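Basically the numbering used here = 1-based index in the sequence shown + 16.
Here a beta-carbon is modelled for each residue, glycine too, at the ideal position from N, C-alpha and C.
Since this is a predicted model, take the numbers as computed values, not measurements.
These notes concern the structure reproduced below.
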Amino acid sequence: MNTQNPAFRGAVDLSALANKVVQEKLEQSGVKVENTNSLRVPAFSVEAEEGVIRQIIELSSAVPVVVCFYSPADESSVSLAEKLDRLVLAAEGHWFLAKVNVVSQLKLAEAFGVLEPATVAMILAGEPKPLFQGDQDEADLAVFMDKLVEIARSQGINGQLTIGDAVPQEPKLSAVEQAALDAMDTGDFSAAVKIYEAELQANPGNEQLSERLAQVRLVERTYQGDVEAELGIEPKDHLSAIRKADFFLAIGDANSAFNLLLDWFDKSNAEERATISKHLLELFVVVGKNDQSVISARKLLAVKMF
Numbered sequence: 017m018n019t020q021n022p023a024f025r026g027a028v029d030l031s032a033l034a035n036k037v038v039q040e041k042l043e044q045s046g047v048k049v050e051n052t053n054s055l056r057v058p059a060f061s062v063e064a065e066e067g068v069i070r071q072i073i074e075l076s077s078a079v080p081v082v083v084c085f086y087s088p089a090d091e092s093s094v095s096l097a098e099k100l101d102r103l104v105l106a107a108e109g110h111w112f113l114a115k116v117n118v119v120s121q122l123k124l125a126e127a128f129g130v131l132e133p134a135t136v137a138m139i140l141a142g143e144p145k146p147l148f149q150g151d152q153d154e155a156d157l158a159v160f161m162d163k164l165v166e167i168a169r170s171q172g173i174n175g176q177l178t179i180g181d182a183v184p185q186e187p188k189l190s191a192v193e194q195a196a197l198d199a200m201d202t203g204d205f206s207a208a209v210k211i212y213e214a215e216l217q218a219n220p221g222n223e224q225l226s227e228r229l230a231q232v233r234l235v236e237r238t239y240q241g242d243v244e245a246e247l248g249i250e251p252k253d254h255l256s257a258i259r260k261a262d263f264f265l266a267i268g269d270a271n272s273a274f275n276l277l278l279d280w281f282d283k284s285n286a287e288e289r290a291t292i293s294k295h296l297l298e299l300f301v302v303v304g305k306n307d308q309s310v311i312s313a314r315k316l317l318a319v320k321m322f
């Protein structure tokens, strides 16, 4: 297995987050702790979000935490995530899987320094380590994960997770979110877009709905494309530049997406500039208004417009 990982740009220092007592932190998050080597969790894998990453990191003091970065628009990364899902179930609690959608959780991907989907990292005792990039044969993955567990045990990380009914379950999704998720699970992103559009029309100004809608629209535009091929195309007009920017963002590279469109803004006519600026504003919503890449790009766009 090739463990070279050019997509892992470098890792943020997460070790400080694991310095507090594991038992106390996990119990506060709703995970029942029998002892530091036997943890009860709702499941052996989770869709990681910013709000739960601290708790996931705490688990790495008991078992290796494998982090798989994927994009719904990238088939190889989806395939990799599915294989890891099967393997973590077979491992019976000897490691934990956190899946990160680089589109909807762009900030989290950036915190790990990940530039591309189908990237896998590990957190051990609070410290992130790059593993490999790209889809792998499932049999090879199984051997690789077994070796990870052995390495962790040699470093004193030898716990085991168990699933128990007493563990509080995650809050239920709203009816709108569940309906949109069901549509996306069947590949009907158009239906998911319509669901969020209708809800946003009924609740104008709802930032969370606006963000979800922008994210689903991005996935709808990119999920059937060949990411590598799309990123290899040199844009010939503002529309092809917009399409390429979408694929940059689909793999979590916000800066490249924004810079490409800002460059095309300079060489476009008034009508084309209006289209570019409108699209940029939607991509800003996908990433989040407080992200530094958005703040910088928004300032540049304002200067160019006025």
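Paired residues, beta bridge with residue i - DSSP
i	result
I139	V81 and P144
V116	F85
S61	L113
V319	None, per the DSSP bridge assignment.
V94	None, per the DSSP bridge assignment.
V232	For V232, which the question treats as bridged, DSSP gives no partner whatsoever.
Boundaries of the alpha helix (DSSP H) in which residue i is found, first to last residue
i	result
L197	A191 to D201
P262	Note that residue 262 is Asp in the sequence shown, not Pro. Looking at the DSSP string, the run of the alpha helix (DSSP H) that includes D262 is H254 to A266.
S293	A286 to V303
F205	F205 to A218
Q71	I69 to L75
E66	Unbroken run through E66: none, as it is neither H nor E.
D279	A270 to D282
I167	E154 to S170
A245	V243 to L247
Exposure of residue i, with buried meaning 16 or more beta-carbon neighbours within 10 Å
i	result
S170	exposed
E215	buried
A286	exposed
M321	exposed
E236	buried
I311	exposed
V57	buried
K260	buried
E244	exposed
E74	buried
V319	exposed
R102	exposed
L317	buried
K283	exposed
I173	buried
I167	exposed
L297	exposed
T202	exposed
P220	exposed
Coil, strand or helix - residue i by DSSP
i	result
Q121	coil
Q149	strand
N306	coil
D101	helix
Q224	helix
D181	Any reading at D181 must be qualified, since the residue scores a pLDDT of 48, below 50, and its modelled position is unreliable; the value itself is stated next. The answer is coil: DSSP assigns D181 none of H, G, I, E or B.
A107	coil
E186	Unreliable positioning characterises E186 in this predicted model, as indicated by a pLDDT of 49, which lies under 50. The coordinate reading is nonetheless provided below. Three-state DSSP puts E186 in coil, outside helix and strand.
Rounded distance between the beta-carbons of residue j and residue i, thought under 8 Å
i	j	result
A257	F264	The pair is not a contact, with the Cβ atoms about 10 Å apart (cut-off 8 Å).
A134	G150	5 Å
S92	I267	So it is not a contact: roughly 11 Å between Cβ atoms.
K99	E154	5 Å
V118	V130	7 Å
A78	G175	3 Å
V302	Q231	5 Å
A199	Q121	With 8 Å as the limit, A199 and Q121 do not qualify as a contact, their Cβ atoms being about 20 Å apart.
L164	S76	That belief does not hold up - the Cβ atoms of L164 and S76 are roughly 12 Å apart, past 8 Å.
R289	F300	Between F300 and R289 the Cβ distance is about 16 Å, and since that is not below 8 Å, they are no contact.
C84	L113	7 Å
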